[in-house]
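All you need for the working numbering is the position in the sequence shown, starting with 1, plus 656.
Have a look at the structure below, then the notes.
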Amino acid sequence: MKRVVDFQEDDTAAQDLKFSDLAEATKIKERSSNKKQKFNKNNSNNNNKVDRAQIKAKRKEMLDFRKKLPIYSGRDAIIKAIQDNPAVIVMGETGSGKTTQIPQFIKEAGIISDTLGGVAITQPRRVAAVNLAKRVAEETVTKLGGQVGYTVRFDDTSSPHTIIKYLTDGMLLREVLSDELLLRYKVIVLDEAHERTLRTDMLFGMVKNIQRIRHEKAKNGENVEELKIVVMSATLDAEKFSEFFDGAKILYVSGRLHPVDTFFTQEPQADYLDATLVSIFQIHTKNPHGDILVFLPGQEAIETLTGLVNDYAKQLRGKQQRLLPCPLFAALPPSQQQRVFDPAPANTRKVILATNIAETSITIPGIKYVIDCGLAKMRGFNPKIGVESLLLHPISKSSAWQRTGRAGRERAGVCYRLYTEDTFRELEDDTVPEIRRCNLAAAVLSLKASGIENILEFDYMDRPSRISLVRALEELYALGAIDDTGTLSPLGRKMSEFPLDPAFSKVLITSAEYGCTMEVIAIVSLLSVDTIFFTPSDKREQAAEVRKKFLHPDGDHLTLLNVLKGYWEVKGDVEWCKENFINIRNVKIALEVREQLVRFCERLEIPPQATCGTETESVLKCFLTGFFQNTALLQPDGSYKTVVGNQTVKIHPGSAMFGKRVEGIMYNELVFTTKHYVRGVSAIQSAWLPLAAPKYFNNKAL
Ligand code: CDP
Ligand code: MG
């Protein structure tokens, strides 16, 4: 280790306690413990195979665990508040038990039932939804998919018996399409509300509207249950939620936050990966035992660091304890996620390398040290030029405090911030809600599909700018999803049925005309995982060399297809994947997605045709019908400029098109790091553009 990061102690240490102080001051009242009998009764399980005594012992163990959670003392107050009010806001420190306990309280109190309807708990992230359902099934000693289940995109374990259902916010939005008043639920819990994702924000308005309609119907004597709404948040923004829900009651749960010493770097860090690596080893070699949680912006950074930590850890000598890196990001398969929660083996310190998924939605035990690189990947949209991109962005102060808090869950901890105190002071107070910064086409399409005609007048908690709404309408018009009066077209209705972004849905639907549905389904599935390649940091060149045989001259879309064909030829042979640096796990996930999309297409009567295998042009032309806005044309100086927005973009070095000069390119993703990079790139001809999107290009000169 050549360099040492110098930290300086935070002199505003009083802020460490800010959250717990406030929570303490407004602590909800003590519980009176007479609900135990009912709890046991309601959780009767019909799994006959397992010994009754064993179940009983497990129940007791679980109940003992539950009783120790900070939220348990507020059980009765929470139940009463939900019984007495149409909407309740619950605010509480991460890990206090909001997400796992409140649905169980609701069930135990009889607020939900088979006849009244169940409870839906929304999560912005699928990993969280899956994990939480598993945990609650365990706590209730029931089988996952029985009383407790989850629904996330491409994976559904819920059944008609499920009355506690964890689902992504996107999935609840889709359920509105088939169950307009969400009648299968008695309670909707909008969790992680502080994250203000686009979908949660849309749900706020929709659920509020549904509640009003159900109330009126019930008042008029119709046989409809009134809807209850619970909003849960880990930050101090409760008032805003309460205002939106007509002065809803606010409950504060006191957390257990121990003091956290906070350090800043003395100098700004030019390379956050390097600074992180140095800090990890600095803590490991100098500080007492306790696991480390590192916040990083994305999967790529996490994988790079996992490799580096492993390499350096090998060089540690003597009696020093071992260092075990555990990655954690949304696309990681469940078996590997589990390692994060398992206790470290003897004489080993875990270092968890996570995205902001670990900020509030997932609680990891054993953390004593937090390293915060101060950055997150965020979607950004510039409505003036109509370009959406993933940006590496400084986090907000409120995010920084959440990250810091993760070090003090079980005992006093330490947080190392890889930025200076001056930088911290300049951070925004709160993260700007997604609805104010991303492309709204998908949101507007689902509002339209659920019957909300006038999207400009919709009840938004934070109103998006008029220009971004108009942009979204223009895009949907160009895609053919709405007509010139703004009404949803039959194509738009079909598009809204797919669990995909509008551009992808359009491509799948038009693939029938181009006779290449099977190819398109395969490529869309392969694009749905982060990458199907596996590139160890020490074998980059070798991996690139071996993979040359898959490269298609027309770019990444068809290269992906070549890999899949190769994979099928050897029937998914593990050795073959290793030799060719293919990430077998991600290919398998992609193939599951493929199965689901095939079924979606069958349901929507899209015939499963394939080209004879040589017609690569139709595949690309078909993709262009959805991605005509993600295109750039070659300039005389050799650079590429986007057709929309006239912005210079570079082809990502990982792309099959890297270093190539073709007339035009189409891409799936625009990433901004130091330059604008495009990924998922294929060659196109400018003459294809007006054919792909006649409504869009007819009035524009190319
Ligand atoms: O929602 P909130 O952050 O308030 O807490 P929670 O997700 O309900 O988690 C409460 C506690 O349950 C955590 O502190 C963990 O101890 C435990 N838990 C767990 O062991 N495994 C999970 N998958 C989720 C929670
Ligand atoms: Mg939670």
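Where a beta carbon is used, it is the ideal one built from N, C-alpha and C, also for glycine.
A buried status is given to L1220, since no fewer than 16 other beta-carbon atoms sit within 10 Å of its beta-carbon. Beta-bridge partners of L984 (DSSP): A1010.
By the beta-carbon neighbour count (other beta carbons within 10 angstroms, threshold 16), A1343 is exposed. If one requires a minimum length of 4 residues, the alpha helix (DSSP H) runs lying completely within the segment 1199-1268 are 1212-1225, 1230-1235, 1240-1259, in chain order. Taking a cut-off of 5 Å from the heavy atoms of the ligand CDP, the residues with a C-beta inside it are T750, G751, S752, G753, K754, T755, T756, N787, R791, T1019. Taking a contact as a CB-CB distance under 8 Å, the pair I777 and T755 counts as one, their CB atoms being some 7 Å apart.
Exclusion of S910 from the 7 Å shell around the ligand MG follows from its C-beta lying no nearer than that to any non-hydrogen atom of the ligand. The segment 1287-1314 contains, as complete beta strand (DSSP E) runs of 3+ residues, the segments 1287-1290, 1296-1298, 1304-1307 (chain order). A contact between stretches requires three or more CB pairs, one per stretch, nearer than 8 Å, and the segment 919-928 fails this requirement with the segment 996-1009. Here L1144 is buried. Its C-beta has 16 or more other C-beta atoms within 10 Å. A distance criterion of 7 Å places the beta-carbon of D947 beyond contact range of the ligand MG, judged by its closest non-hydrogen atom. Bounds of the alpha helix (DSSP H) holding G861 are 854-875. Within 7 Å of the C-beta of D825 there is not a single heavy atom belonging to the ligand MG. In this structure V845 is buried. Its beta-carbon is surrounded by 16 or more other beta-carbon atoms within 10 angstroms.
In the three-state reduction of the DSSP assignment, C1172 falls in the coil class.
Taking a 10 Å sphere around the C-beta of G1336, we find 16 or more other C-beta atoms and assign the residue as buried.
When the Cα atoms are used, L1129 and I727 turn out to be separated by approximately 44 Å. Annotation for E1066: no beta strand (DSSP E) segment contains it, and DSSP assigns it neither H nor E. Taken through DSSP and simplified to helix, strand or coil, H1332 comes out as strand.
At a threshold of 7 Å, D847 counts as near the ligand MG, since its beta carbon sits closer than that to one of the ligand's heavy atoms.
Scanning D947, T1272, V886 for the CA closest to the CA of R1067 turns up D947. With contact defined as three or more Cβ pairs closer than 8 Å, the segment 1076-1091 and the segment 815-830 are not in contact.
Beyond the five residues adjoining it in sequence on each side, A743 comes within less than 6 Å, by CB distance, of I885, F901, A904 in the same chain, given in chain order. Residues of the same chain with a CB within less than 6 Å of the CB of G963, apart from the 5 flanking positions on each side, are S1193 in chain order. The C-beta distance from A1178 to L1280 rounds to 17 Å, too long to fall under 8 Å, and the pair is not in contact. Taken atom to atom, the span from the alpha-carbon of A1312 to that of P1209 is near 8 Å.
Residue Y841 holds the alpha-carbon nearest to the alpha-carbon of S769 among Y841, M827, I958, D732. Going by beta carbons, K1162 and L1135 fall inside the 8 Å limit.
Residues I1177, A1178, S1181 of the same chain have their beta carbon placed closer than 7 Å to that of R1250, with the five preceding and five following residues left out of the count.
Distances from the alpha-carbon of R809 to those of L1156, G1211, V909 put L1156 closest. Beta bridge pairing from DSSP links V916 with G1069. In the three-state scheme derived from DSSP, where H, G and I count as helix and E and B as strand, M1117 is classed as coil.
Around the beta carbon of A1159, 16 or more other beta carbons lie within 10 angstroms, which makes this residue buried.
In the DSSP annotation of this structure, Q922 is not part of any alpha helix (DSSP H), being labelled neither H nor E.
Within the segment 793-837, the runs of alpha helix (DSSP H) at least 4 residues long that lie entirely inside it are, in chain order, 825-834.
A distance below 6 Å between beta-carbons, with the five flanking residues on each side excluded, links C1233 to the following residues of its chain, in chain order: I1240.
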